[in-house]
Structures are given as structure tokens and as C-alpha cells.
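Q: The structure under discussion is supplied below as C-alpha cells; questions concerning it will follow.
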Amino acid sequence: MTPLLSARSLTKQYGGRNGCRDVSFDLYPGEVLCIVGESGSGKTTLLNTLALRTEADSGELRYTSTNGDTLDLRTLSEPRRRLLARTEWGFVQQNPRDGLRAGVSAGANIGEPLMAVGARHYGQIRNTAQQWMRRVELDATRIDELPSAFSGGMQQRLQIARNLVTGPRLVFMDEPTAGLDVSVQARLLDLLRTLTTTLHLSVLIVTHDIGVARLLAHRLMVMQGGAVVESGLTDQVLDDPQHPYTQTLVASVLPV
Amino acid sequence: MTLTSSPAAQHNMRGTRAFIERPALMLRAEDVRKTFTLHGQGGIGIEALAGVSLDVERGECIVLVGPSGAGKSTFLRCLYGNYLASGGSIAIRDEGAPLEHLEITGAAPHDILRVRRNVVGYVSQFLRVIPRVCALDIVAAPLVSRGVEEDEARERAQTLLARLNVPRRLWSLAPATFSGGEQQRVNIARGLIAQHRVLLLDEPTASLDAENREVVASLISEARERGAAIVGVFHDEDTRERVATRVLALAAPRAQAGGTPAVAEIA
Amino acid sequence: MNAPDSLQTSNATVTSHETQAAAGYNFAYLDEQTKRMLRRALLKAVAVPGYQVPFASREMPLPYGWGTGGIQVTAAIIGANDTLKVIDQGSDDTTNAVNIRRFFARTTGVATTRHTREASIIQTRHRIPETPLTEKQILVYQVPMPEPLFRLEPRVAECKKLHALSDYGLISVELYEDIVQHGSIATTYDYPVTVNGRYLTSPSPIPKFDNPKLHMNAALQLFGAGRERRIYAIPPYTPVKSLDFDDHPFEVQRWEHACALCGSRESFLDEMIVDDAGKRMFVCSDSDYCHERRANDDAIDDANVDTIDAHATTEPATHAGEHA
Numbered sequence: 045m046t047p048l049l050s051a052r053s054l055t056k057q058y059g060g061r062n063g064c065r066d067v068s069f070d071l072y073p074g075e076v077l078c079i080v081g082e083s084g085s086g087k088t089t090l091l092n093t094l095a096l097r098t099e100a101d102s103g104e105l106r107y108t109s110t111n112g113d114t115l116d117l118r119t120l121s122e123p124r125r126r127l128l129a130r131t132e133w134g135f136v137q138q139n140p141r142d143g144l145r146a147g148v149s150a151g152a153n154i155g156e157p158l159m160a161v162g163a164r165h166y167g168q169i170r171n172t173a174q175q176w177m178r179r180v181e182l183d184a185t186r187i188d189e190l191p192s193a194f195s196g197g198m199q200q201r202l203q204i205a206r207n208l209v210t211g212p213r214l215v216f217m218d219e220p221t222a223g224l225d226v227s228v229q230a231r232l233l234d235l236l237r238t239l240t241t242t243l244h245l246s247v248l249i250v251t252h253d254i255g256v257a258r259l260l261a262h263r264l265m266v267m268q269g270g271a272v273v274e275s276g277l278t279d280q281v282l283d284d285p286q287h288p289y290t291q292t293l294v295a296s297v298l299p300v
Numbered sequence: 004m005t006l007t008s009s010p011a012a013q014h015n016m017r018g019t020r021a022f023i024e025r026p027a028l029m030l031r032a033e034d035v036r037k038t039f040t041l042h043g044q045g046g047i048g049i050e051a052l053a054g055v056s057l058d059v060e061r062g063e064c065i066v067l068v069g070p071s072g073a074g075k076s077t078f079l080r081c082l083y084g085n086y087l088a089s090g091g092s093i094a095i096r097d098e099g100a101p102l103e104h105l106e107i108t109g110a111a112p113h114d115i116l117r118v119r120r121n122v123v124g125y126v127s128q129f130l131r132v133i134p135r136v137c138a139l140d141i142v143a144a145p146l147v148s149r150g151v152e153e154d155e156a157r158e159r160a161q162t163l164l165a166r167l168n169v170p171r172r173l174w175s176l177a178p179a180t181f182s183g184g185e186q187q188r189v190n191i192a193r194g195l196i197a198q199h200r201v202l203l204l205d206e207p208t209a210s211l212d213a214e215n216r217e218v219v220a221s222l223i224s225e226a227r228e229r230g231a232a233i234v235g236v237f238h239d240e241d242t243r244e245r246v247a248t249r250v251l252a253l254a255a256p257r258a259q260a261g262g263t264p265a266v267a268e269i270a
Numbered sequence: 151m152n153a154p155d156s157l158q159t160s161n162a163t164v165t166s167h168e169t170q171a172a173a174g175y176n177f178a179y180l181d182e183q184t185k186r187m188l189r190r191a192l193l194k195a196v197a198v199p200g201y202q203v204p205f206a207s208r209e210m211p212l213p214y215g216w217g218t219g220g221i222q223v224t225a226a227i228i229g230a231n232d233t234l235k236v237i238d239q240g241s242d243d244t245t246n247a248v249n250i251r252r253f254f255a256r257t258t259g260v261a262t263t264r265h266t267r268e269a270s271i272i273q274t275r276h277r278i279p280e281t282p283l284t285e286k287q288i289l290v291y292q293v294p295m296p297e298p299l300f301r302l303e304p305r306v307a308e309c310k311k312l313h314a315l316s317d318y319g320l321i322s323v324e325l326y327e328d329i330v331q332h333g334s335i336a337t338t339y340d341y342p343v344t345v346n347g348r349y350l351t352s353p354s355p356i357p358k359f360d361n362p363k364l365h366m367n368a369a370l371q372l373f374g375a376g377r378e379r380r381i382y383a384i385p386p387y388t389p390v391k392s393l394d395f396d397d398h399p400f401e402v403q404r405w406e407h408a409c410a411l412c413g414s415r416e417s418f419l420d421e422m423i424v425d426d427a428g429k430r431m432f433v434c435s436d437s438d439y440c441h442e443r444r445a446n447d448d449a450i451d452d453a454n455v456d457t458i459d460a461h462a463t464t465e466p467a468t469h470a471g472e473h474a
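Chains as they are written, first to last, in our numbering: chain G, 45 to 300; chain L, 4 to 270; chain P, 151 to 474.
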């Protein structure tokens with residue numbers, strides 16, 4: 045089976061240090077891969093480089109499109125990149141306000157990706173938006189309210205709906221539950237878990253929270269100081285950590 | 004240094020032809036060694052397995068016996084890929100793969116995921132579940148991940164839970180508040196429902212009363228008769244007698260002078 | 151400044167020569183280099199219908215916001231034998247229209263007219279003349295904000311990318327929100343259009359009533375935004391489609407009333423308050439069109455020439471003309 049996303053020796057550094065270096069992995073359809081690390085580990089740089097929001101310094105990055113073509117992401121033209129981001133990818137920001145349009149209604153936020161790819165029937169756009177609101181457990185009658193009328197956790201759900209409405213195959217998430225209350229986090233994680241399995245999504249999640257990784261991810265990559273120090277199946281990395289840093293990380297998790 | 008579960012290899016580099024020559028062979032472990040290195044404690048090494056070998060064929064149920072600390076659970080976890088073996092090899096039948104098997108030691112994560120989904124099932128000693136998911140959905144999950152329709156998956160889950168005497172009123176509740184025995188039965192149901200061809204069972208009857216131990220033993224026997232290859236750890240002798248076709252005795256590594264542990268066969 | 155005493159603002163005659171233009175000014179005020187720059191921009195604009203061409207907007211003798219873009223376009227294309235008409239919201243008589251017309255008369259000596267049919271260049275603010283235009287005519291629009299996306303995407307660099315990539319989801323979002331808030335698309339002027347099936351364009355703040363006239367117009371339509379420094383064009387016979395949703399199609403405004411002066415039911419009507427008791431009167435916005443209709447009516451029906459009584463009504467206005 046061809047990997048969906050393939051990275052080889054991917055490097056992005058700022059002034060010769062920090063960032064991420066020499067990262068290689070393959071991501072397959074339907075897999076959830078968590079990139080775990082503490083602040084400064086380079087995980088967000090890696091995510092942004094993979095999602096083409098930042099340009100890599102060196103290395104290879106390939107993506108297999110819906111029609112089976114393998115694209116060299118590093119040499120992709122900007123129009124194609126934007127089309128990809130609109131149709132096959134999603135990016136959920138840590139702060140939902142960065143991923144939503146504050147000045148238009150919830151329905152418009154969810155409907156915009158559809159309109160961007162040519163949806164022209166107001167009634168259908170609205171119906172689809174309401175369906176998605178229900179799927180992310182938001183009250184669909186609030187479709188005309190502005191994002192500011194929703195709580196932080198609900199805004200995050202709105203952002204998720206907006207990202208999933210076009211049926212992407214690959215979703216990038218940057219600390220999707222950070223900053224939320226614990227109970228809100230829990231509900232959101234449940235939602236993400238359900239959506240990733242039922243929609244057969246491939247997801248790349250960056251988080252500092254091992255519990256999130258344990259719950260959502262099939263695979264785990266542990267980053268420290270810009271390098272991937274350990275990677276493998278989530279249960280294996282967490283139950284049988286090899287690298288000193290991973291062992292510290294796992295031992296540091298507070299038991300409940 | 005980057006440590007992965009080993010460089011991803013599309014082909015088994017030192018593949019064995021055993022799986023082609025012996026159609027009934029489901030699992031082959033050769034000289035499996037495991038040492039835990041605790042970096043946080045000055046890098047001390049704890050040897051858990053000193054070289055265990057085992058072939059398992061369809062219809063066999065190998066019971067691991069030995070004192071506490073002998074590495075029985077560790078061995079099972081290595082077979083499942085939950086622990087990284089430090090040495091030796093573990094191969095599981097994988098239809099369609101080169102040489103008809105997958106070397107767990109050194110396999111790419113997605114290959115192991117595939118084999119876990121389609122071939123190998125694992126019942127751990129303790130139920131570690133996702134919070135807030137009800138028992139029924141936990142049990143149905145392995146079927147759903149194989150593509151079975153949700154409704155059908157739930158029905159089969161209900162049948163199994165009923166057989167394991169899990170009260171109906173608990174089916175729609177999350178197991179966090181269940182008794183140890185109830186949790187264990189949910190765990191067993193989840194492990195057995197997909198009828199994997201290789202089953203790894205770690206103390207499945209530990210918290211159960213006699214009646215439920217009997218149910219579990221029946222389920223295991225049925226699986227064995229269906230052709231599953233089973234490796235298990237059972238504390239309780241009755242169950243062991245019921246299900247085992249062979250016994251493999253493990254001794255704690257320090258207790259050995261070297262060489263493989265004694266294997267006793269039960270006809 | 152050095153304006154000659156006798157000005158050419160005749161109604162009909164076409165006699166104008168450079169000798170009668172103001173001394174000390176280049177023809178049409180702008181120097182030849184500037185006209186060349188503008189013409190290059192215009193050529194580019196005509197070659198890519200609806201695409202906003204940046205240009206080096208010059209300092210004009212009136213401030214930004216008063217039609218400098220339109221004036222620069224007109225100045226670049228006007229020739230000695232042209233006849234110029236200038237209207238502001240349909241009227242030849244507003245201060246702005248009068249000033250601009252006089253400006254060109256002074257700096258070119260070109261003939262000017264009120265009659266749409268006699269003009270070869272018509273500079274307009276916020277309206278398209280009711281009288282259909284011909285292939286021999288050029289319509290020059292004054293444009294305040296050429297970027298149809300600016301309300302939702304204030305970054306100029308990002309807008310350029312959106313246009314380049316035909317990434318126009320945003321404008322649909324705006325229309326969607328309109329329907330959410332008002333039950334229908336509430337935009338009544340400066341209604342966004344797609345030109346030649348490609349570029350999203352602002353037609354300038356003309357009422358949406360005029361949008362259908364943009365489509366397949368025989369005349370060349372040029373748009374100038376002085377403050378924003380953009381020029382764009384719609385060549386003759388170019389398809390222009392107003393945006394809408396499949397289930398909320400584009401519709402023009404309609405009035406219940408007819409023009410109080412000429413009786414027209416087809417033209418865009420301005421609503422005028424006639425006294426302090428709130429009496430209103432609806433009158434054609436296009437003054438030349440109205441005059442012409444009345445002249446025809448007079449010619450046909452002499453008996454009805456009388457003081458035209460204002461058909462005053464105290465009903466509340468249904469669709470008022472927008473005065474941007």
C-alpha cells in the first residue's frame with residue numbers, strides 16, 4: 045500500500061538551530077499519528093512544514109492524491125497547494141479563533157469551504173452545515189450565530205466541522221485541546237476519536253499531552269530538541285519506552 | 004539517536020520459509036530476548052526474557068507457566084508488539100505478505116496495525132479503556148474497525164456479553180465503574196469477538212468466579228476448535244487443564260544457566 | 151486659473167478645436183507620458199476583462215474621492231473630435247458633473263452634450279444611462295473601491311492571490327450572510343459580478359438595477375479608481391454575470407410607481423421629498439432619458455402639455471435609489 049504522506053530527512057531550522065531536523069516517516073490512510081514533545085521540541089515547526097505552511101530547508105515530502113498521483117509537495121505550485129489545502133486537507137488550529145472567521149455566522153464558517161469549491165445552492169449549503177453541527181454535537185439551531193457567541197470548546201468543534209466538511213483525507217491538528225477545561229477536553233477527544241474512525245481520516249496531531257496521544261493515536265513520534273528521538277506504535281512507545289527522554293516523559297505523567 | 008521499532012522493512016530480510024512449508028504454522032518465536040534499560044535509574048538493565056522459542060500451529064493452545072517474574076506477560080507482549088524484543092525474532096502468519104508472514108520484530112507500524120486488526124488478538128490482564136465509551140461499543144469496536152456494519156457489530160457484541168453473563172443494564176454504561184470481574188469480562192469479549200486466528204491471552208480469568216471461568220474456558224476451547232492458535236497465561240489450574248494442548252515453562256532469566264527453558268508437552 | 155471667458159458647453163454643436171482650449175495646459179491636462187502610461191494600462195485592462203490593472207495615479211486638481219480615476223481615464227482617451235457627456239447619478243446638472251464637464255471643456259476644447267445619443271464618451275458616477283449605448287461609444291466609470299473582496303479580506307496581497315487563483319469562496323460567504331440576516335441578498339448597489347466567466351469585479355456603486363446593462367453591452371466600458379490606483383475594463387459584448395445562489399437568483403429592483411415627469415416604468419427612479427409634510431415624488435434618475443421621453447411625448451401629444459403636477463404620494467418608499 046502506498047503511504048498517504050511520506051517524509052524523508054525533512055529539515056526546517058531557524059538560523060541553523062531549533063526547528064526540526066532530519067525527520068522521516070510514512071503515514072498511511074486511516075492512521076492517527078501523534079507528535080509529542082515539550083515546548084521547543086520542534087513539533088509545531090514540523091507540523092507546519094508538513095502542512096506546507098512553512099517551507100522546508102531540505103528533505104523530501106510526498107503526498108498521494110485522491111486520484112492516485114504522487115505529488116512532490118516541496119515543488120508544488122502555489123495554486124495546487126491551495127487547492128490541496130482546500131479539498132483534501134484540513135488544519136485545525138490550536139486557537140479556534142485563528143481557524144474561524146469571526147465576522148460571519150457559524151453556518152457561513154462551515155459553508156465557506158463548500159462555497160470555495162463551487163457550492164451554489166444556499167439551501168443545501170445550509171443543510172450540510174446543520175448536519176455537521178449536529179455531528180460535532182453543536183446545537184444546529186444556532187447556525188446563524190457568530191463564533192463569539194459560542195464557548196471555547198464549542199468554537200473548537202466549529203473549527204473541526206469547518207475543516208471536515210469537504211471530506212478531507214488528511215487533517216493536521218495543532219494542540220487541538222490545549223487551553224480547554226478538562227471536561228471539555230474530554231468531550232472533544234471523544235469526538236475526535238469517533239470522527240477519525242468513522243471517517244477513516246489520517247490525522248497528524250501535535251500535542252504535549254501524552255494522554256491525548258494514548259487516546260487518539262495509533263502511532264507516536266517523540267521529539268526532543270528538534271529531533272525525533274523515538275517513534276512507533278503508541279502502546280509500544282508508552283508501555284516500553286526505549287529512549288531516555290521518552291522514559292522520562294512517560295514517568296512524568298501524573299497518575300489519575 | 005532515533006529509535007524506532009526498527010527500520011521499516013518492506014520485505015523480511017531474513018525470512019523463513021517455515022510458513023510456506025507448514026500451512027498450519029501461525030506463529031514462530033525464535034530465541035526471543037528482552038532486556039529493559041532504565042535510563043532514569045542510571046541505565047541499569049533488567050533482563051526479562053533470556054531466549055524463548057516457540058512454534059504455534061492452528062488449533063493449539065500453548066499455556067505459559069512459571070513463577071512470577073519469569074517473563075510470561077512480557078513474552079506475550081513481545082508477541083503482540085507491545086514490547087520491543089531486544090533480540091530474536093517473532094513471526095506471525097500474514098496472508099499475502101512475502102513468505103506468508105510478518106516479522107513483528109522490525110516491522111513498520113502500519114503492518115503491525117494491520118496484523119493486529121486481521122490476525123492477532125490480545126486480551127490484556129487489565130482493562131484499559133477509553134473513558135466514556137459504553138461497554139457495548141468497546142466490545143463492538145474490533146468488528147467495526149474491520150468494516151462490519153455497526154448494527155451487526157453491536158448485535159454480536161450483545162450475544163457475547165450475554166454469554167459472559169454481563170448484565171444487560173451495564174451494556175450502555177462505561178466500564179470505569181464496573182467491578183473487576185465485570186471489567187475483565189468486557190475485556191475478554193472485546194478480545195474474542197473478532198475471532199482472530201492468533202490469540203494472546205494474559206490471565207483472562209484472573210478476577211472471575213468459577214461459573215464465569217467456565218464460560219471463558221468454553222469460549223477459548225471453541226476458538227481453538229475453530230482453528231485459532233492460542234498462547235495464554237492462566238493462573239487457575241482448572242482452566243489450564245481445560246484449554247491447554249501444550250505447556251511451555253518459563254524460568255526467570257537469572258535462574259537459567261543459558262539455553263532455552265524446558266518445554267513440557269501435554270498430549 | 152487661466153480659463154478663457156467663453157466656454158463651450160453647447161447642447162448640440164460639435165465645433166471644438168485646440169485653439170479654444172485653455173492656454174498653458176497640455177491637451178486634456180495630463181502630459182503625454184502620463185497618457186501613454188494610462189493607455190498601456192487600459193490596453194492591458196481591455197485584454198484581460200475584469201482584471202484590476204495597477205497604474206500610477208497622478209495628482210489631479212481635485213482630491214481623491216471626487217472622480218480622479220474616471221477623469222484620468224477620460225483624459226487618456228479623449229480626442230479633439232469627441233463629444234463628452236458627464237453624469238453624476240444620472241444627472242448632468244449636479245455640481246460634480248458640471249465641474250468635470252467644464253474641466254474637460256477648458257483643457258481640451260472638446261464639445262460637450264447632455265444627450266446620451268450624441269456623446270462619444272460618457273463619464274459617469276454611480277449610474278449607467280438608460281438609453282442603450284452603441285459600439286461607437288465609451289462609458290467611463292468613476293470607481294471608489296475597485297476590490298470586491300475588500301470587506302472580507304482587507305489584505306491587498308491576499309486579494310491579489312485570490313483573484314489569481316480564482317479563489318472566490320469569500321464573496322459567496324458575504325452573499326450567504328446577507329440571506330441569513332435579511333432573508334435575501336440585501337446588496338443593492340456595487341453588486342459583485344463575474345466578468346467573462348473569470349474575474350470577480352466590482353461594477354462600481356451602480357444600483358443593481360443597472361447590472362444587467364453591463365452584460366453584452368455594445369460600448370466599451372472602462373473603470374478608473376484614482377485613490378486606489380486601479381484601472382479595469384469590460385470590452386464590448388462581454389458576458390457579465392451577477393453573483394447569486396441557485397435558489398436565490400439575482401433580481402433587479404422594481405418600483406410601484408412610474409416616473410412623475412415622464413411616466414416611465416422601466417427606468418431607475420429617484421425618490422424626492424417635495425415638502426416638509428413628507429410628500430414624495432418618484433422621478434427618473436437619468437435626466438437625459440427623462441427629457442427625451444418628455445420631448446417625444448410632447449411631440450406626440452401636444453394637448454397634454456400643462457404644468458406637470460407632482461404625483462405626490464405619502465406612501466413610504468419601497469425601493470429608494472442608493473446614493474453612495
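For glycine and all other residues, C-beta sits at the position ideal for the given N, C-alpha and C.
Just so you know, these numbers come straight off a predicted model, no measurement behind them.
#1: Of the residues L:I23, L:H238, L:A143 and L:M29, which one's Cα is nearest the Cα of A213 of chain L?
#2: At a CB-CB cut-off below 7 Å, which residues of chain L make contact with A295 of chain G?
#3: By the DSSP assignment, the beta strand (DSSP E) with F373 of chain P in it spans what residues?
#4: May I ask which residues mark the beginning and end of the alpha helix (DSSP H) holding R237 of chain G?
#5: What residues from the region 316-339 of chain P come within 7 Å of chain G, judged by C-beta to C-beta, listed N to C?
#6: Of the choices P:I381, P:S417, P:Q239 and P:H407, whose alpha-carbon is the least far from that of M431 of chain P?
#7: Give the DSSP bridge partners of I288 of chain P, in chain order.
#8: Name the residue from G:V226, G:G270, G:L235 and G:G276 whose alpha carbon lies nearest to the alpha carbon of D253 of chain G.
#9: Considering just the uninterrupted stretch of the alpha helix (DSSP H) at M198 of chain G, what are its terminal residues?
#10: For the region 31-56 of chain L, which segments carrying the beta strand (DSSP E) assignment without a break, of at least 3 residues, lie completely within its bounds, in sequence order?
#11: Would you list, in sequence order, the uninterrupted alpha helix (DSSP H) runs of no fewer than 4 residues that lie entirely inside the region 305-378 of chain P?
#12: Counting only beta-carbon atoms, is H398 of chain P nearer than 8 Å to chain G?
#13: Counting C-beta neighbours from all protein chains within 10 Å, is the total for P285 of chain G 16 or more, i.e. buried, or is it exposed?
#14: Would Y58 of chain G pass as an interface residue toward chain L - the criterion being a Cβ-Cβ separation below 8 Å?
#15: Which first and last residues belong to the beta strand (DSSP E) in which P392 of chain P is found?
#16: Below 7 Å on C-beta distance, what does F395 of chain P contact in chain G?
#17: Report the start-end ranges of each beta strand (DSSP E) in the region 67-139 of chain G that is 3 residues or longer and not cut off at the edges.
#18: So, G302 of chain G versus T46 of chain G, is the Cβ gap smaller than 8 Å?
#19: Report yes if the CB atom of S182 of chain L is closer than 8 Å to the CB atom of L139 of chain L, and no otherwise.
#20: By a C-beta neighbour count over all protein chains shown, 10 Å radius and 16 as the cutoff for buried, is A453 of chain P buried or exposed?
#21: The region 103-130 of chain G: which residues have C-beta closer than 7 Å to a C-beta of chain P, in chain order?
#22: Just curious, the alpha helix (DSSP H) that M187 of chain P is in, first and last residue?
#23: Based on the DSSP secondary-structure assignment, which residues constitute the bridge partners of M422 of chain P?
#24: Under 8 Å Cβ to Cβ from A30 of chain L, same chain only, skipping five residues before and after it: list those, please.
#25: Measure the Cβ-Cβ separation of A255 of chain P and T263 of chain P and say whether it is below 8 Å.
#26: Given that I169 of chain G touches chain P, what residues does it touch there, using C-beta distances under 9 Å?
#27: Thinking C-beta only, is A32 of chain L closer than 8 Å to G124 of chain L?
#28: Output the boundary residues of the alpha helix (DSSP H) element that contains C64 of chain L.
#29: Taking 8 Å as the threshold (C-beta atoms), are L264 of chain G and A278 of chain G in contact?
#30: Rounded to whole angstroms, what's the CA-CA distance from R275 of chain P to E189 of chain G? Just pull it up for me.
#31: Taking only beta-carbon positions, decide if E75 of chain G is within less than 8 Å of chain A.
#32: If you draw a straight line from the C-alpha of T221 of chain G to the C-alpha of Q229 of chain G, how long is it?
#33: Does DSSP classify P170 of chain L as helix, strand or coil?
#34: Would you call the region 17-25 of chain L in contact with the region 287-294 of chain G, where contact means no fewer than 3 C-beta pairs closer than 8 Å?
#35: In this structure, does DSSP put I93 of chain L in helix, strand or coil?
#36: Need the endpoints of the alpha helix (DSSP H) that F476 of chain P sits in, please.
A: Once the coordinates are examined:
#1: Relative to the Cα of A213 of chain L, the nearest Cα in the group L:I23, L:H238, L:A143 and L:M29 belongs to L:H238.
#2: Per Cβ cutoff of 7 Å: G43.
#3: That run of the beta strand (DSSP E) goes L370 to A375.
#4: Counting along the chain, the alpha helix (DSSP H) containing R237 of chain G begins and ends at V226 to T242.
#5: Cβ contacts with chain G: D317, G319, S322, V323, Y326, E327, I329 and V330.
#6: Cα-wise, what sits closest to M431 of chain P is P:H407.
#7: As computed with DSSP, I288 of chain P is found in a beta bridge with P:I271 and P:L370.
#8: Taking only the C-alpha atoms, the option nearest D253 of chain G is G:V226.
#9: Taken as a continuous stretch (DSSP letters only), the alpha helix (DSSP H) holding M198 of chain G covers G196 to L208.
#10: Look at the region 31-56 of chain L and you find no whole run of beta strand (DSSP E) that is 3 residues long or longer.
#11: Runs of the alpha helix (DSSP H) inside the region 305-378 of chain P: 306-314, 319-332 and 361-364.
#12: Closer than 8 Å to some Cβ of chain G, the Cβ of H398 of chain P qualifies, so yes.
#13: With a 10 Å radius around the Cβ and a threshold of 16 neighbouring Cβ atoms, P285 of chain G comes out buried.
#14: Taking Cβ atoms only, chain L never reaches closer than 8 Å to Y58 of chain G, which makes this a no.
#15: Here residue 392 of chain P turns out to be Ser, not Pro, going by the sequence shown. In the DSSP assignment, S392 of chain P falls within the beta strand (DSSP E) that extends over V390 to S392.
#16: For F395 of chain P, the C-beta contacts it makes with chain G under 7 Å involve R164, H165 and Y166, in order along the chain.
#17: Listed in chain order, they are 76-81, 102-108, 114-116 and 133-136.
#18: Any answer about residue 302 of chain G is impossible in this case: the structure gives chain G only from 45 up to 300.
#19: In this structure, L139 of chain L does not lie closer than 8 Å to S182 of chain L by Cβ.
#20: Annotation note: pLDDT 49 at A453 of chain P (below 50); position unreliable, coordinate value reported separately. It counts as exposed.
#21: Of all residues in the region 103-130 of chain G, P123 and R126 have a Cβ within less than 7 Å of some Cβ in chain P.
#22: That run of the alpha helix (DSSP H) goes E182 to A197.
#23: Per DSSP, P:M431.
#24: The sequence shown places Leu at residue 30 of chain L, not Ala. Correct list, in chain order: L57, D58, V59, L82, I93, A94, I95, R96, V201, A232 and V234.
#25: In this structure, the beta-carbon distance from A255 of chain P to T263 of chain P does not fall below 8 Å.
#26: Within chain P, the residues whose beta carbon sits less than 9 Å from that of I169 of chain G are S322, Y326 and F395, listed in sequence order.
#27: At the C-beta level, G124 of chain L and A32 of chain L stay beyond 8 Å of one another.
#28: Element bounds for C64 of chain L: not the alpha helix (DSSP H) but the beta strand (DSSP E), C64 to V68.
#29: In the sequence under discussion, the amino acid at residue 278 of chain G is Thr, which differs from the Ala named in the question. Yes, these two residues count as a Cβ contact at 8 Å.
#30: Roughly 37 Å between the two C-alpha positions.
#31: Looking at the structure shown, chain A is missing, and the protein chains on hand are G, L and P.
#32: The alpha-carbon atoms of T221 of chain G and Q229 of chain G are separated by roughly 6 Å.
#33: DSSP places P170 of chain L in coil when its eight states are reduced to three.
#34: No, they do not touch.
#35: Looking at I93 of chain L - three-state DSSP - the assignment turns out to be strand.
#36: Only positions 151 to 474 of chain P appear in the structure, and residue 476 of chain P is not among them; the question remains open.
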